Amino acid sequence: MRLPLRQGCAAWDRTWPLEANEPINVKSSNLLLNRRSIMKEERIIIVDEGINEVTPEARMCCMGPYMAFRG
Amino acid sequence: MQLSHYLKIYPCEEKPGYLLFFSTKRASVLIIKEETFQAIEQGTLAPSDESLLIKHGVIVPDRGEEKRDMLVLLDKINARNPVLNSMVVLNLDCNFACLYCYEGDMKGNLYMSDETAALLIDLIKKKFIGEKKKLLIDFYGGEPLLSLGLIKSISRELKAFTREKGGSFSFTLVTNGSLFKGQVAEDLVPLGLERIKITLDGPAEVHNHYRPFKSGAGSFDTLIRNIKETCDLVKISIGGNFERNNYEQFVSLLDFLIKEGLTPDKIDAIKFDPVSKRPEGDISPADYKGGCMSINEPWLNHASIFLREEILKRGYNTPKIAPTFCMVDNKSSFVVNFDGDIYKCPAFIGKEGFAVGNVRNGIDDYTRSYKLDLWKNHEECAECVYLPLCFGGCRYMTFIQNGTIDTLDCRKGYLDATLETFIKQEVKYRAKADSR
């Protein structure tokens, strides 16, 4: 299933499963890029979560008139 | 854990001390601290980071196994595909006389008959079985809206059929847009119309040169009027076909759309593509000799990057770079021509040796005629980081070049030259859009 392009604010606060006592240091959000000043120490920034798998609807020829906007 | 084979790592100038990662398999984009990257290589990754990077396709337990899995990925998708997709060429007639018309000398007063449409519906019903949950029809032409009655009758019947089966039905139109008035949209949306694609070849003066009405009159103003009238009723995607000598002028089209109130919230997506050359021996209406034969033509690198930047810069959506699943490889997808002959790709309609059956007798085996899995015979494909984005490329491109599809349409050169910038455009513009 294709993930939504825009995660919005929900992603801003999402933290990923962390080990006990580990500092919350990994966040997923496109917004982080624009808030560098307050999020200086993140190890991993998820700009785009991508897709879980290639879906049949993700067809998109890259040339010619046959391109279908899908996904 | 090992780094995925399907990973491109680029410098991240915007954030010193970090690297930009793009998974060609998952289409994920990550910015990772250099120390974290070193931890991957040294095997000292924190468990939480490890699970995150596995989830996004950056690291895998075994790179060799990952490559072997990629060899059967298309088979796996086909095995569990819940979507049945048919592109239906309703006619080969048109009220436009485009300079580069792709149907060229095939065009004429050729329409799908009611009998062929009934056989098409029967065929689709036979194929919508088992795991199929969604039926998707792309109406195509010619100009599909010259067959409006057939669009309505086919979609009405298929909508009722899929509802009975507990599935869903929707359809799209690839139309020149001249007949897509508000009333047409209002009639078709309840029948399942999901989105349409309209082509605008740049600003008025360029578009009207390439895509006039048959009378010779310009079509641009009509299309803009129709888009304004319908953009709140249905998702509209705008395509455009550019040439080497005019692609920079497409920027004026984008500015014009904004000026006219066709802002990013009104348009579902925009993507411009090069005009593709016609195969040797085909005749275009105006004896058109232009067009490009390969995505690897060097000028396309700049043109693609430039136009994508201009689209994203203005806040419009454009398709993301992601793995592709060509309709030829999709076992649940087929194209039905107006006369009932079946093909695997609309580009091959009418080409000798590429029909794979007809609506009366069904679909024959096309493994050989369409050279399925050709890329599997090439070691360089199996090793290529771009494999998920390409799977051997476009058969039609190789057909234009060679008159056969015996060779691959390798896109490595193009992706080497453009992908890094495309991904950085994603970071720059989509991230900004999300922060609004």
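The listed protein sequences correspond, in order, to chains A and B. Under numbering that gives the first Met the number 0, the final residue of the first sequence carries the number 70; numbering is consecutive throughout. Under numbering that gives the first Met the number 0, the final residue of the second sequence carries the number 435; numbering is consecutive throughout. Think of the CB as a built atom: it goes at the ideal place given N, C-alpha and C, for glycine as much as any other residue. This structure is a prediction, so every number in the text was calculated from the model and none was measured.
Between B:Asp363, B:Ile341, B:Cys389, B:Tyr365, which has its C-alpha nearest Lys375 of chain B's C-alpha? Reading the second sequence from its first residue, position 376 is the one you call residue 375 of chain B. Minimum Cα distance to Lys375 of chain B is reached at B:Cys389.
Among the residues of its own chain, which have a CB less than 7 Å from the CB of Gln248 of chain B, if the five just before and after it don't count? Here residue 248 of chain B is taken as the residue at index 249 of the second sequence, counted from 1. Hits under 7 Å: Gly201, Pro202, Val205.
Under a CB-based cut-off of 8 Å, is Ile310 of chain B close to chain A? Residue 310 of chain B sits at position 311 when you count from the first residue of the second sequence. Answer no: the Cβ-Cβ gap between Ile310 of chain B and chain A never drops below 8 Å.
Taking the alpha-carbon positions, what's the Leu29 of chain B to Gly49 of chain A distance? If you number the second sequence from 1, residue 29 of chain B lands on position 30. If you number the first sequence from 1, residue 49 of chain A lands on position 50. Cα to Cα, Leu29 of chain B sits roughly 10 Å from Gly49 of chain A.
If contacts are defined as beta-carbon pairs under 8 Å, then Glu142 of chain B and Asn94 of chain B qualify, I think. What distance do you get, rounded to the angstrom? Counting from one through the second sequence, the residue named residue 142 of chain B turns up at place 143. Counting from one through the second sequence, the residue named residue 94 of chain B turns up at place 95. Yes, they are in contact, since the Cβ atoms of Glu142 of chain B and Asn94 of chain B sit about 6 Å apart, within 8 Å.
Could you confirm whether any beta carbon from chain A is found closer than 8 Å to the beta carbon of His55 of chain B? For the purposes of this step, residue 55 of chain B is taken as the residue at position 56 of the second sequence. Yes, His55 of chain B lies at the interface with chain A (some Cβ there is under 8 Å from its Cβ).
Supposed contact pair Asp267 of chain B and Lys234 of chain B - C-beta distance, whole angstroms, cut 8 Å: Start at 1 with the first residue of the second sequence, and residue 234 of chain B comes out as number 235. Start at 1 with the first residue of the second sequence, and residue 267 of chain B comes out as number 268. Indeed they touch by this definition, with Cβ atoms about 4 Å apart.
Mind checking whether the beta-carbon of Phe160 of chain B lies closer than 7 Å to any heavy atom of the ligand ZN? The ligand ZN is not part of the structure shown, which contains no ligands of any sort.
Express the C-alpha separation of Val173 of chain B and Gly129 of chain B in angstroms, rounding to a whole number. The sequence position of residue 129 of chain B within the second sequence is 130, counting from 1. The sequence position of residue 173 of chain B within the second sequence is 174, counting from 1. Each residue's alpha carbon lies about 29 Å from the other.
Could you tell me if Gln182 of chain B is buried or exposed, where buried requires 16 or more neighbouring beta carbons within 10 angstroms of its beta carbon? Along the second sequence, one-based indexing puts residue 182 of chain B at 183. Under this definition Gln182 of chain B is an exposed residue.
Going by DSSP, what residue range makes up the alpha helix (DSSP H) through Lys54 of chain B? The residue given as residue 54 of chain B occupies position 55 in the second sequence. 46-54 is the extent of the alpha helix (DSSP H) around Lys54 of chain B.
According to DSSP, simplified to helix, strand and coil, what is Thr171 of chain B? Locating residue 171 of chain B in the second sequence gives position 172, where the first residue counts as 1. It is a strand residue.
Leu192 of chain B to Tyr428 of chain B, Cα distance in whole Å? Taking the first residue of the second sequence as 1, we reach residue 192 of chain B at position 193. Taking the first residue of the second sequence as 1, we reach residue 428 of chain B at position 429. Answer to the nearest angstrom: the Cα atoms are 30 Å apart.
Using 8 Å as the threshold, is the C-beta distance between Cys325 of chain B and Val334 of chain B below it? Position 326 of the second sequence, counted from the first residue, corresponds to residue 325 of chain B. Position 335 of the second sequence, counted from the first residue, corresponds to residue 334 of chain B. For Cys325 of chain B and Val334 of chain B, no; Cβs fall outside 8 Å.
In the DSSP output, what is Arg194 of chain B paired with across the bridge? Locating residue 194 of chain B in the second sequence gives position 195, where the first residue counts as 1. According to DSSP, which records beta bridges pairwise, Arg194 of chain B is partnered with B:Thr171, B:Lys234.
Can a CB atom of chain E be found closer than 8 Å to the CB of Arg25 of chain B? No chain E appears in the structure shown, which is made up of the protein chains A and B.
Pull up the DSSP beta-bridge partners for Pro10 of chain B, would you. Indexing the second sequence from 1 puts residue 10 of chain B at position 11. Its beta-bridge partners are B:Leu18.
Measuring straight from C-alpha to C-alpha, what distance separates Tyr209 of chain B and Asp272 of chain B? Taking the second sequence and counting its residues from 1, one reaches residue 209 of chain B at position 210. Taking the second sequence and counting its residues from 1, one reaches residue 272 of chain B at position 273. If you take the alpha carbons of Tyr209 of chain B and Asp272 of chain B, they lie about 14 Å apart.
Start and end of the beta strand (DSSP E) containing Leu271 of chain B? Indexing the second sequence from 1 puts residue 271 of chain B at position 272. In the sequence on display, residue 271 of chain B carries Phe and not Leu. Unbroken beta strand (DSSP E) run through Phe271 of chain B: 268-273.
Tell me which same chain residues have a C-beta within less than 6 Å of the C-beta of Leu73 of chain B, skipping the five on either side of it? Here residue 73 of chain B refers to the residue found at position 74 of the second sequence. Within the same chain, Leu73 of chain B has close Cβ partners Asp328.
Would you tell me roughly how many angstroms separate the C-alpha atoms of Leu118 of chain B and Ser167 of chain B, rounded to the nearest one? Position 119 of the second sequence, counted from the start, is the residue given in the question as residue 118 of chain B. Position 168 of the second sequence, counted from the start, is the residue given in the question as residue 167 of chain B. Using only the alpha carbons, I get a separation of about 21 Å.
How would you write the range of the beta strand (DSSP E) that Phe179 of chain B sits in, first residue to last? Here residue 179 of chain B is taken as the residue at index 180 of the second sequence, counted from 1. From DSSP, Phe179 of chain B is part of no beta strand (DSSP E); its letter is neither H nor E.
Determine the burial state of Lys270 of chain B: buried for a count of at least 16 other Cβ atoms within 10 Å of its Cβ, exposed for fewer. Taking the second sequence and counting its residues from 1, one reaches residue 270 of chain B at position 271. It counts as buried.
Ordered along the chain, which non-local residues of its own chain (more than five positions away) have a Cβ less than 7 Å from that of Ile399 of chain B? In the second sequence, residue 399 of chain B corresponds to position 400, counting from 1. Result list for Ile399 of chain B: Ser275, Lys276, Pro278, Met292, in chain order.
Which residues in chain A have a C-beta closer than 7 Å to the C-beta of Leu29 of chain B? List them in chain order. On the second sequence, residue 29 of chain B is found 30 positions in, with the first residue counted as 1. Going along chain A in sequence order, the residues near Leu29 of chain B (Cβ under 7 Å) are Ile43, Ile44, Ile45, Val46.
Look up Ser303 of chain B in the DSSP assignment and say whether it is helix, strand or coil. Locating residue 303 of chain B in the second sequence gives position 304, counting from the first residue. Helix at Ser303 of chain B.
Quick check: what's the CA-CA separation for Ser332 of chain B versus Tyr342 of chain B? Indexing the second sequence from 1 puts residue 332 of chain B at position 333. Indexing the second sequence from 1 puts residue 342 of chain B at position 343. Cα-Cα distance, rounded: 10 Å.
Glu228 of chain B touches chain A at which residues, Cβ-Cβ below 9 Å? As a position in the second sequence, residue 228 of chain B is number 229, starting the count at 1. Correct list: empty, because the minimum Cβ distance to chain A is about 20 Å.
Please confirm whether Glu242 of chain B has its beta-carbon closer than 8 Å to some beta-carbon of chain A. The residue given as residue 242 of chain B occupies position 243 in the second sequence. Chain A contact via Cβ: absent.
How many angstroms separate the CA atom of Lys265 of chain B from the CA atom of Ser3 of chain B? Counting from one through the second sequence, the residue named residue 265 of chain B turns up at place 266. Counting from one through the second sequence, the residue named residue 3 of chain B turns up at place 4. Each residue's alpha carbon lies about 39 Å from the other.
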